[in-house]
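> Below are the structure tokens for one structure; questions will follow.
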Amino acid sequence: MHRKLYEVKTLEEAKQLAVAEFGVKESDLTFTIVNEKKGFLGIGSKIEVEAVIDADGITRGKEYIQMILDNNNIQGFIEKKVRGNNVEFNVDAGDFNGYLIGKNSRNLIALQILVSTVVNKYYEGEEETKIVMVDVGGYRKRREKNLENMAVDFAKQVSRTKQKIQLDYLNAYERKIVHNKLSTWNDVRTYSVGEEPNRFLVIEYKPMAKAPETPKIEKEPVAGVVVPAGNAAPKPAETQETIETVAKDNKQE
């Protein structure tokens with residue numbers, strides 16, 4: 002829970018400072034006078050006021066999306082899902098979904114940034130911030146699947162032709178999806194070139210490293226056995242004759 006102590010002359014002054022600093026509504030704050038410092042003859046008296054955010058940031062995030070819909074005269078349904086520190090808002094506004102998504106997902110990206118900022122105002126000072134995801138009509142999940150399929154198709158083409166491919170414009174979030182999908186491929190690599198708004202992703206052929214050759218192990222010749230030149234194996238008759246000769250010599254010794 003985010004809190005701060007203010008030393009001010011009046012409670013109203015503390016409220017104004019806290020609202021401006023936290024960026025939240027006054028109704029989302031609780032104020033407590035924790036100490037009073039009296040000056041000489043009442044001159045210079047001050048109070049210490051503790052301001053605490055006691056509102057639910059996730060609820061405020063949903064209310065913020067609703068405010069945007071209302072301001073644009075859009076009727077829509079907002080679904081909220083929370084799993085640990087992950088917060089997902091899925092908006093369904095029917096015919097207005099395309100407007101909320103925008104060209105190259107620009108409106109959707111802007112909406113997510115704004116909502117994430119609103120939500121995390123209420124969790125500043127905590128160990129982990131909330132990871133906020135905003136989707137419209139399930140568009141983001143469908144887009145992720147299509148991008149992954151496209152990445153695989155292009156990677157196969159690059160692997161086959163050994164010619165690099167530069168994709169059409171993708172925003173940073175979409176480029177990351179392609180990077181992650183192809184990160185385990187051994188014969189292609191991905192990288193981005195250029196600067197926004199002209200930054201593009203490239204899929205390039207990457208030659209696979211050759212496996213090291215297995216060293217040849219030469220067999221030691223058997224004692225008393227003459228190995229013909231070229232390491233060719235001796236004929237059975239020759240081997241038998243040599244063994245009998247060695248045995249005869251050993252017997253004489």
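Here the working numbering is used: the first residue of the sequence shown is 2, the next is one more, and so on.
Each residue gets a CB set at the ideal place from its N, CA and C atoms; glycine is no exception.
Over what stretch of residues does the beta strand (DSSP E) that includes E294 continue unbroken?
Look at the range of the chain in this structure, 2 to 254, and you will see that residue 294 is not part of it.
> In terms of DSSP beta bridges, what is F23 paired with?
According to DSSP, F23 bridges with nothing at all.
> Taking 8 Å as the threshold, find out whether the region 150 to 157 comes into contact with the region 52 to 66 through three or more Cβ pairs.
With the cut-off at 8 Å, the region 150 to 157 and the region 52 to 66 do not touch.
> Given this structure, state the Cα-to-Cα distance separating Y100 from S46, to the nearest angstrom.
Their backbone Cα atoms lie some 55 Å apart in a straight line.
> Among all the DSSP beta bridges, which residues are the ones paired with S193?
In DSSP, S193 forms a bridge with L202.
> What are the boundary residues of the beta strand (DSSP E) that I34 is part of?
Looking at the DSSP string, the run of the beta strand (DSSP E) that includes I34 is L30 to K38.
> Which runs of the beta strand (DSSP E) fall wholly inside the region 43 to 127 and span at least 3 residues, in chain order?
Counting whole runs of 3 or more residues, the region 43 to 127 contains the beta strand (DSSP E) stretches 47 to 54, 78 to 84 and 87 to 93.
> Tell me, which residues are paired with I256 by DSSP?
The structure shown has nothing for residue 256, since the chain only spans 2 to 254.
> Would you check if the distance between the CB atom of F90 and the CB atom of V135 is smaller than 8 Å?
Yes, Cβ-Cβ distance for F90 and V135 is below 8 Å.
> Going by beta carbon distance, what residues of the same chain come within less than 6 Å of R141, once the five residues before and after it are set aside?
Once the five neighbours on either side are set aside, R141 has no close Cβ partner at all.
> Look at the Cβ atom of T33, then the Cβ atom of V20, and state whether they are nearer than 8 Å.
Not closer than 8 Å, so no.
> Can you tell me whether A248 is buried or exposed, with buried defined as 16 or more other CB within 10 angstroms of its CB?
Confidence in A248 is poor, its pLDDT being 48 and thus under 50, which makes the residue's placement too unreliable to answer from.
> I need the DSSP call for M134, collapsed to helix, strand or coil.
Three-state result, M134: strand.
> Cβ atoms of I132 and V88: under 8 Å apart, would you say?
The answer is yes: Cβ separation under 8 Å.
> In this structure, how does DSSP classify N187 when only helix, strand and coil are distinguished?
Coil at N187, not helix or strand.
> With H, G and I counted as helix, E and B as strand and the rest as coil, what does DSSP make of N172?
Correct three-state label for N172: coil.
> Does any C-beta atom of chain C lie closer than 8 Å to the C-beta of E205?
The structure shown contains no chain C, having only a single protein chain.
> For D96, which of Q76, M209 and G24 has the nearest alpha-carbon?
Checking every option, the nearest Cα to that of D96 belongs to Q76.
> Which class does M209 belong to by DSSP, given the choice of helix, strand or coil?
M209 falls in the coil class under three-state DSSP.
> Is Y7 buried or exposed, if buried means 16 or more other CB atoms sit within 10 Å of its CB?
The residue in question, Y7, is buried, as its Cβ has 16 or more Cβ neighbours within 10 Å.
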